[in-house]
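Engineer: With mature numbering (1 follows the signal peptide of the UniProt record, and there is no 0) as the guide, the letters of the sequence shown map in order to residues -20 to -1, 1 to 158.
Even glycine gets a Cβ: it sits at the ideal position worked out from N, Cα and C.
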Amino acid sequence: MKVLLCLFFVAVILIDDANASLKFVPIEDQDQDPCSSLLAATSATYQNGYENLEHLEEQCTEELNGVSFSNDEEYQDFFSEFFINGCGNTVQESYFNTIEELADVTGFSYDEYTSSLQNGQRPGDLDCLNESDQNFLAAALQIDTKLRDIYESLEPQSSSDIDNLDVNYKSKSAIKNT
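1) Near L127, which residues of its chain fall below 6 Å by C-beta distance, leaving aside the five closest residues on each side in sequence?
2) Can the beta-carbon of D84 be found closer than 8 Å to that of P136?
3) Would the beta-carbon of C108 be found less than 7 Å away from any heavy atom of the ligand FAD?
4) Is L33 closer than 8 Å to A119 when the C-beta atoms are compared?
5) Apart from the five residues just before and just after Y75, which ones in its own chain have a Cβ nearer than 6 Å to its Cβ?
6) On the three-state DSSP scale, how would you describe G29?
7) Is the region 97 to 111 touching the region 16 to 30, taking contact as three or more C-beta pairs under 8 Å?
8) For I64, count the other beta carbons within 10 Å of its own beta carbon; 16 or more makes it buried, fewer makes it exposed. Which is it?
9) Taking all protein chains shown into account, decide if T125 is buried (16 or more other Cβ within 10 angstroms of its Cβ) or exposed.
10) Checking 8 Å against the spacing of the C-beta atoms, do T70 and L44 come in under that value?
11) State yes or no: is the C-beta of S112 within less than 8 Å of the C-beta of Y30?
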């Protein structure tokens, strides 16, 4: 009888252990990056934003490379059209649309999100996106700078500017020949 009683307790313990293992829920690893879920949730938004910027960079560069100006008035008028209403402005709009999407994903309003970007005080989990936001801003600014550099290279030279370039070139040639 004692043997049966011992076997009974062993059986109960084994069955109870089997049931306990079915109910086991692992506790998250405390060393896991607390930002990983937010970065995963926003990665598609960043990727889409980068792709839009890349497409716009190609489109705007082609547009700029396809124009020439015969005078300063045409040059200035094009600036207004391109950077205020046209392709250059679309780059800025694309950046801000991505920021708006990020605000939605993170549960912040657009104003809260942009304010935290500007003042550097990132509430809650937004601190996790600091590096990603800075990289995205840098990419947008790099494209804007590239477009402005191309635009500035298209500035028409006045005849006096061309004469000055010719004189400077001749003087450099004279120095090299001596």
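Structural biologist: Let me lay it out:
1) C40, G68
2) If you check the CB distance, D84 and P136 do not come in under 8 Å.
3) In terms of ligand content, the structure shown is empty, and the ligand FAD therefore cannot be addressed.
4) yes
5) A120
6) helix
7) yes
8) When all chains shown are included, I64 counts as exposed.
9) So T125 counts as exposed.
10) no
11) No.
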